[in-house]
Amino acid sequence: MTKSKKAVHLSPGEMELMSMFWDKGPLTLAEAHQAFREFGKPIAYPTMQTRLNRLAAKGLVTKSDQRPALYQAVATQHQATEGYLGQVLEKLTSGKVVPLMKHLITERSLTNDEVQELKKLLDVAEQNSRKGN
10 MTKSKKAVHL
20 SPGEMELMSM
30 FWDKGPLTLA
40 EAHQAFREFG
50 KPIAYPTMQT
60 RLNRLAAKGL
70 VTKSDQRPAL
80 YQAVATQHQA
90 TEGYLGQVLE
100 KLTSGKVVPL
110 MKHLITERSL
120 TNDEVQELKK
130 LLDVAEQNSR
140 KGN
């Protein structure tokens, strides 16, 4: 599997905000402030403004020039997942995939569809491994 965009590493607070954008789409500051309340995370309006501006400064969201400004996610949920899972993999297994996969496969019930999908992924990994040798 090739990576189309660079993985991003988000703090828990950034992940909460980005999840809101992935769920709701582009939002103004006022809309983001209200939507975040609905997520069960009420914060002060100026705090929301600061946090959104920090996300924009990091390139995780864009801020339009229109008034009121519209904030929109640039980083994708896939990039965040890739970044987070990379961190977890490194912390739990020193970057080794097999122990993590073994745990996930043996400790969870997989559907037949999931087993088939995993087999396809392993076939691709095997093909890529052969190309690299």
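Here the working numbering is used: the first residue of the sequence shown is 10, the next is one more, and so on. Ideal Cβ placement from N, Cα and C applies to all residues, glycine included.
Query, Result
"With 16 other Cβ atoms within 10 Å as the buried cut-off, status of Ala-89", "buried"
"Nearest candidate by alpha-carbon position, reference Ser-20, set Ala-44, Gln-96 and Thr-71", "Gln-96"
"Inter-residue Cα distance where the pair is Glu-40 and Pro-55", "13 Å"
"Exposed unless 16 or more other CB atoms sit within 10 angstroms - verdict on Val-155", "Residue 155 lies beyond the range of the chain shown here (10 to 142); nothing can be said about it."
"Where the beta strand (DSSP E) through Thr-71 begins and ends", "70–72"
"Spatial neighbours of Ile-52 in its chain, beta-carbon cut-off 6 Å, leaving aside the 5 residues before and after", "none"
"Burial state of Met-110 (16 or more Cβ within 10 Å)", "exposed"
"Reduced DSSP category for Thr-120 - H, G, I as helix; E, B as strand; rest coil", "coil"
"Classification of Glu-99 by the beta-carbon crowding that lies within 10 angstroms, buried from 16 upward", "exposed"
"Proximity winner among Ser-118, Val-107 and Arg-117, relative to Leu-131 (alpha-carbon distances)", "Val-107"
"Boundaries of the beta strand (DSSP E) in which Leu-79 is found, first to last residue", "79–82"
"Sheet register partners of Leu-113 (DSSP bridge)", "Note: Leu-113 sits in no beta bridge, so no partner."
"Sequence-distant residues of the same chain with beta carbon closer than 8 Å to Thr-37, five excluded per side", "Pro-77, Ala-78, Leu-79 and Tyr-80"
"Residue environment, Arg-70, which counts as buried when at least 16 other CB atoms sit within 10 Å", "For the sequence presented, residue 70 should be read as Val rather than Arg. With 16 or more other Cβ atoms within 10 Å, it is buried."
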